[in-house]
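Undergrad: Position 849, counted from 1, in the sequence shown is what the numbering used here calls 857; the numbers after and before it change by one each time, with no gaps. In this text, a Cβ means the ideal position worked out from N, Cα and C, and glycines have one as well. Below is one structure. I have some questions about it.
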Amino acid sequence: MLLLVAIIGPVLGALIAASLCKAFPKKAGWILASIPAVIFVGLLTQVGSLNGLQAESVSFAWVPSLGVDFQLQLNGLGLLFALMIPGVGAFIFVYAGGYLHGHPLSGRFFTFLMLFMTGMMGIALSDNLIVFFVFWELTSISSYLLIGFNHEDEAARKKALQALLVTGFGGVAMLAGFILLATAGGSYQFSTLIAQGASLAQNPLAQAALPLLLLGAFTKSAQFPFQFWLPNAMAAPTPVSAYLHSATMVKAGVFLLFKLSPIYGGTPAWSITLITCGTITLLLGAVTGLFQRDLKRILAFTTMSVLGMLVLLIGIGGELALKSAILFMLGHALYKATLFMTAGNVDHGTGTREVTLLGGLRKAMPLTALAAGLAALSKGGFPPLLGFVSKEYVYKASIDLASLAPVLTGIAIVGNAMLLALAFKAGVHPYWSSAAKPGLGKSYSSLLPHTPHEVPFSMWIGPIILASLGLTFGFLPTEWISNLIGPALSISSGVATTVKVSLWHGFNLPLLLSLVTMALGILIYLAREHFWKKQRIGTRIERRSTERAYEFAFHQFVEKSKEVTLLLQNGSMRFYLWVILGVSGLLLSYKLLALGGLPAFPSTEGISILNTTITIAIVLGALVAAAARSIVNALAGLGVVGFGIALVYGFNGAPDLAITQIVVETLTVAFMLYAVLKLPSFKRYSKKSLRIQDAIFASCGGIIVFLLVLKSSALELAPTISNQLSEWSYPLAKGRNIVNVILVDFRALDTFGEIAVLGIAALGVSICLRPHLDRRQLSADDNLIFRVGANALLLTCIALSIVALYRGHNEPGGGFIGGLILAAGFILYAMAFGEKAARTKLRASPINYIGFGLALALVSGFFGPMTGKPFMSALWLPDFTLPLLGKVHLGTPLLFDVGVFLCVVGFTLQVVFNLQASSSDLPKRAVTSAKVEKKEPANCL
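In structure tokens, the structure reads:
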């Protein structure tokens with residue numbers, strides 16, 4: 009239950025965040041912080057209950073045919089990571105409430121932040137590779153939204169896109185690696201693969217998966233050569249930076265490396281790659297950070313450097329190295345979140361993050377100064393803080409190596425010394441340095457945008473507590489630390505391990521190295537002015553890093569995309585149709601030949617006169633539409649074709665399809681009337697030669713489809729599917745209408761995808777037509793008889809739609825048909841009274857109907873997993889009898905069908921209402937777009 013709460017809690021938080029911010033603008037951060045706080049407390053109770061390789065798990069069937077289940081597992085490593093996410097997250101939410109106080113989009117921000125926390129909790133607890141990937145991508149998308157939160161800033165949008173592209177590229181590579189690894193190990197379950205240990209790494213498929221998995225981890229955790237996106241992510245608001253850089257996104261790649269260590273750890277490819285890339289990232293981040301003047305960028309480069317240290321330690325492997333990496337990761341989460349929040353406090357309290365303008369802030373901001381000082385000391389490795397303990401183990405691990413000991417120990421000393429200097433620049437200099445700027449004879453305060461002041465309670469309480477925890481951890485009992493670190497180390501090493509962690513190890517070589525590091529770090533810090541004066545060196549290092557390769561590749565991709573777009577999207581609908589029909593025709597022709605060539609013409613025996621008559625009418629309608637010189641005649645011809653096909657369905661045992669076809673044809677006529685009735689005559693669009701070419705293309709396409717249908721009808725590709733579905737329909741799904749049963753039960757997930765596409769299409773129509781809406785010229789008919797009839801027909805359509813919806817599981821009908829019927833009633837009402845009156849009668853925006861319908865359909869799918877069944881599985885209440893209705897079956901398929909019903913209503917009315925409101929502007933826009941057709945890609949219409 010705890011595992012589900014850890015995932016569902018943030019999802020619910022995302023759903024209510026916007027409403028909370030509107031209802032309680034001053035307390036929303038505190039209220040939302042209770043969600044991660046409750047999760048943290050629940051997980052904290054599990055410390056000590058997991059020993060060695062023990063784990064607790066929960067599993068639901070998801071895609072059983074592919075062996076993919078929704079599996080969550082709480083092991084020692086996942087527990088440690090999961091504790092950091094809500095533990096730091098609770099303070100981030102409180103801090104963000106103060107930081108964004110009065111911001112008009114704070115509800116959106118908290119929604120994104122909750123979704124991000126959902127993704128991170130899923131990464132920490134997933135035991136299935138595919139589920140892990142889904143949550144991994146959720147963090148990429150939500151971090152993109154968070155980094156680009158200030159969307160009016162072009163730089164923020166650009167940097168958010170950069171982070172998305174880099175991490176998304178790694179995510180796709182990682183998915184391919186997961187598939188190869190699962191194929192090699194025979195399972196998509198992490199725990200099963202890890203149990204196979206080093207033997208799995210010898211499999212050729214597992215070896216091929218390694219570079220792909222490392223791509224995923226390196227892009228997420230900003231390892232060389234993908235490190236450039238991390239400092240650029242500073243475009244995000246400070247609460248985002250504090251969360252992403254301390255306990256969440258950038259640690260996700262490191263977490264993946266920890267999980268894969270039992271499989272690949274110790275192999276040459278693993279060790280060489282991690283040690284090399286980790287070392288380069290460590291030194292590159294530290295050196296570049298020395299030249300930075302912005303507090304957040306200084307901290308960003310220290311994060312990059314720390315991530316390099318963690319990857320280096322994982323690459324070294326062994327108990328000491330992994331133990332030090334785990335301690336280092338825990339300490340970093342505490343002090344880095346603190347330093348970022350204090351940097352935000354300085355920005356809030358002084359109006360700048362430029363360190364050369366800051367100093368002496370301890371008097372104006374004493375609480376912020378205290379938190380920053382403690383965090384800087386922990387980051388610098390001063391006893392008795394947690395940073396000192398983790399650094400001691402880093403030196404123990406490097407000394408324990410054989411031939412590489414001198415090199416790696418030297419790298420660790422230099423890297424830690426620079427990290428100490430950077431920590432002091434961000435956590436000591438702004439508060440404790442001289443209050444007079446050297447050489448200018450002016451006080452710092454006179455150079456600041458406004459007078460320094462302490463921040464509100466919500467913005468300093470989190471940094472104070474987190475910084476204090478860094479101090480407290482150094483004095484915690486060994487047993488408690490062992491219960492937290494030991495199980496995590498057992499999972500990452502693949503061997504049950506007991507850990508003893510202590511603050512004091514006596515006078516030894518690691519202590520001496522720590523003292524050397526402190527001395528060297530302080531010397532670098534004292535030379536800070538020298539580095540700041542040469543800021544251009546840091547800028548040059550950044551520009552000449554791999555970011556230039558990314559920018560070149562991105563620029564080339566964009567330019568080539570424009571060329572392809574101008575070639576294919578040239579604004580000519582005729583050209584689009586030619587391309588579609590041509591490519592489709594070639595593919596279908598190839599398939600036709602692959603099936604054995606041209607089919608024999610079927611026998612005409614048994615074809616009734618009625619079917620023959622309907623077919624002739626359809627052909628004549630098509631010819632009339634093709635030869636028409638006016639839009640009205642073309643619509644009439646197409647109407648004959650559509651209604652003729654409906655008759656074919658009706659007379660051949662498919663009443664559902666017949667009803668749907670009739671309603672769709674009716675609505676299509678309405679669409680076409682609004683969209684094209686006022687356009688110029690067909691003569692304006694093409695010459696006779698072009699129309700002949702069109703006829704040839706259309707005829708070829710029709711012939712190919714005709715031949716393929718004949719061929720496929722002659723083949724027995726799957727003779728048992730129809731019979732099997734008929735047999736399953738009532739016993740398994742309590743429905744006699746096989747079509748509806750397939751839509752809302754057997755293939756409900758496919759249907760959900762289709763209604764989601766409807767929602768996206770409705771939004772697209774709204775965006776395209778929004779600039780052309782004319783609310784002053786609403787279409788309405790003043791005919792009294794038509795208005796009275798429209799009122800009566802609307803009531804009739806409402807009743808018929810409800811009947812069609814309810815009876816659809818056993819009789820012709822269903823949510824799709826019912827939605828179309830109701831939409832038709834409102835369209836008639838809009839034609840009689842105008843679009844504005846129809847919207848008022850509808851009571852809510854069509855977009856709201858779509859949103860609520862999608863939510864209902866999605867919710868109906870979660871009842872299955874709650875009972876141990878796959879997602880979208882049907883659940884039924886016990887049957888009961890009601891007067892007039894007889895025996896009643898109520899279940900999740902009906903709820904899903906209601907969602908389909910609402911989506912269809914919302915989509916149809918959204919399109920028609922927007923077309924109606926913008927129809928007066930269509931002729932003008934049509935002529936304008938025709939003039940620029942050869943110069944610009946096609947517009948939305």
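Do the region 464 to 482 and the region 335 to 351 touch if we need at least three Cβ pairs shorter than 8 Å?
TA: Enough Cβ pairs lie closer than 8 Å, so yes.
Undergrad: Kindly say whether Leu-606, judged by its beta-carbon, lies nearer than 8 Å to any beta-carbon of chain C.
TA: Reference to chain C is not applicable here, since this structure consists of a single protein chain.
Undergrad: Could you give the DSSP three-state label for Asn-619: helix, strand or coil?
TA: It is helical.
Undergrad: Secondary structure at Leu-890, three-state DSSP: helix, strand or coil?
TA: Strand, per DSSP.
Undergrad: Straight-line CA distance for Leu-715 to Lys-696?
TA: Approximately 29 Å, taken between the alpha carbons.
Undergrad: Whose C-alpha, out of Leu-51, Pro-94, Phe-99 and Leu-328, is nearest the C-alpha of Leu-82?
TA: Ranking Leu-51, Pro-94, Phe-99 and Leu-328 by Cα distance to Leu-82 puts Leu-51 first.
Undergrad: In the region 146 to 209, which residue ranges form an unbroken alpha helix (DSSP H) of at least 4 residues, counting only runs that do not cross its ends?
TA: Whole alpha helix (DSSP H) segments, 4+ residues: 162 to 193, 198 to 204 and 206 to 209.
Undergrad: Which whole-angstrom value describes the C-beta separation of Lys-167 and Ile-155, a residue pair presumed to lie in contact below a C-beta threshold of 8 Å?
TA: Right, their Cβ atoms sit about 6 Å apart.
Undergrad: Beta-carbon within less than 8 Å of Phe-78's beta-carbon, same chain only, minus the 5 sequence neighbours each way: which residues are those?
TA: Only Ser-67, Phe-68, Ala-69, Trp-70, Asn-136, Val-139, Pro-873 and Phe-879 meet the Cβ criterion.
Undergrad: Which same chain residues end up closer than 6 Å to Phe-120 when comparing Cβ atoms and leaving out the 5 residues on each side of it in sequence?
TA: The residues are Ser-150, Leu-153 and Leu-154.
Undergrad: Taking 8 Å as the threshold, find out whether the region 883 to 903 comes into contact with the region 802 to 811 through three or more Cβ pairs.
TA: Because the criterion of three Cβ pairs below 8 Å is not met, the region 883 to 903 and the region 802 to 811 do not touch.
Undergrad: Taking the straight line between their C-alpha atoms, what separation do you get for Ala-756 and Glu-762?
TA: Spanning the two alpha carbons is a distance of roughly 10 Å.
Undergrad: Distance check for Ala-164 and Val-19, CA to CA, integer angstroms please.
TA: Using only the alpha carbons, I get a separation of about 26 Å.
Undergrad: Which residues does DSSP list as the beta-bridge partners of Val-71?
TA: Val-71 pairs with Val-76.
Undergrad: To the nearest angstrom, how far is it from the Cα of Ile-472 to the Cα of Ala-345?
TA: Each residue's Cα considered, the two are about 11 Å apart.
Undergrad: For Ile-306, which residues of its own chain have a beta-carbon under 8 Å away from its beta-carbon, when the five flanking residues on both sides are left out?
TA: Answer for Ile-306: Gly-297, Gln-300, Val-363, Leu-430, Lys-433 and Ala-434, listed in chain order.
Undergrad: So the alpha helix (DSSP H) Glu-762 belongs to, where does it begin and stop?
TA: That run of the alpha helix (DSSP H) goes 756 to 777.
Undergrad: Using DSSP bridges, identify the partner residues of Gln-81.
TA: For Gln-81, which the question treats as bridged, DSSP gives the partners Ser-65.
Undergrad: Using DSSP with H/G/I as helix, E/B as strand and the rest coil, what is Lys-371?
TA: Three-state DSSP puts Lys-371 in coil, outside helix and strand.
Undergrad: Who are the Cβ neighbours of Gly-97 in its own chain at under 6 Å, not counting the five residues just before and after it?
TA: The residues are Pro-44 and Met-125.
Undergrad: Within the same chain, show all residues whose beta-carbon is closer than 8 Å to that of Ser-774, passing over the 5 residues directly before and after it, in chain order.
TA: Once the five neighbours on either side are set aside, the close Cβ partners of Ser-774 are Ile-855, Gln-918 and Asn-922.
Undergrad: Assuming contact is defined by CB atoms lying nearer than 8 Å, are Gly-388 and Gly-381 in contact in what I supplied?
TA: Result no, Cβ atoms of Gly-388 and Gly-381 do not sit closer than 8 Å.
Undergrad: Look up Asp-302 in the DSSP assignment and give the residues it is bridged to.
TA: According to DSSP, which records beta bridges pairwise, Asp-302 is partnered with Glu-362.
Undergrad: Pop quiz: Ile-653 and Ile-626 are said to be a contact at Cβ under 8 Å. What is the actual Cβ separation, rounded to whole angstroms?
TA: The Cβ separation is near 7 Å, so the contact holds.
Undergrad: With burial defined as no fewer than 16 other Cβ atoms inside 10 Å of the residue's Cβ, what is the status of Gln-170: buried or exposed?
TA: Classification for Gln-170: buried.
Undergrad: Looking only at its own chain, which residues have a Cβ that is under 8 Å from the Cβ of Leu-675, when we skip the five neighbours before and after it?
TA: Excluding sequence neighbours, Leu-675 sits near Leu-828, Ala-831, Ala-832, Ile-835, Thr-916 and Val-920.
Undergrad: Going by Cα to Cα distance, which pick from Pro-270, Arg-116 and Ile-187 is closest to Asn-158?
TA: Of the candidates Pro-270, Arg-116 and Ile-187, the one whose C-alpha sits nearest the C-alpha of Asn-158 is Arg-116.
Undergrad: Does DSSP put Val-55 in a helix, in a strand, or in coil?
TA: Looking at Val-55 - three-state DSSP - the assignment turns out to be coil, as it is neither helix nor strand.
Undergrad: Can you find the residues in the same chain that come closer than 7 Å, C-beta to C-beta, to Asp-302, ignoring five residues on each side of it along the sequence?
TA: Cβ within range, chain order: Arg-361 and Glu-362.
Undergrad: Helix or strand or just coil, what does DSSP make of Gly-899?
TA: Gly-899 falls in the strand class under three-state DSSP.
Undergrad: Alpha carbon to alpha carbon, how far is Ala-557 from Pro-112?
TA: When rounded, the distance between both Cα atoms is 38 Å.
Undergrad: With distances taken Cα to Cα, identify the nearest neighbour of Pro-245 among Gly-273, Thr-275 and Leu-108.
TA: When only C-alpha atoms are compared, the closest one is Leu-108.
Undergrad: Go to Glu-559, then tell me how far its alpha helix (DSSP H) extends in each direction, as first and last residue.
TA: Here the alpha helix (DSSP H) through Glu-559 covers 555 to 576.
Undergrad: So Gly-821 is in the alpha helix (DSSP H); what residue range does that whole segment cover?
TA: Run containing Gly-821: none; DSSP gives neither H nor E here.
Undergrad: Using CA atoms only, rank isn't needed, just tell me which of Ile-421, Thr-621 and Leu-601 is closest to Leu-528.
TA: Answer by Cα proximity: Ile-421.
Undergrad: Evaluate contact between the region 216 to 226 and the region 177 to 184, counting only Cβ atoms and requiring at least three cross-stretch pairs below 8 Å.
TA: The region 216 to 226 is in contact with the region 177 to 184.
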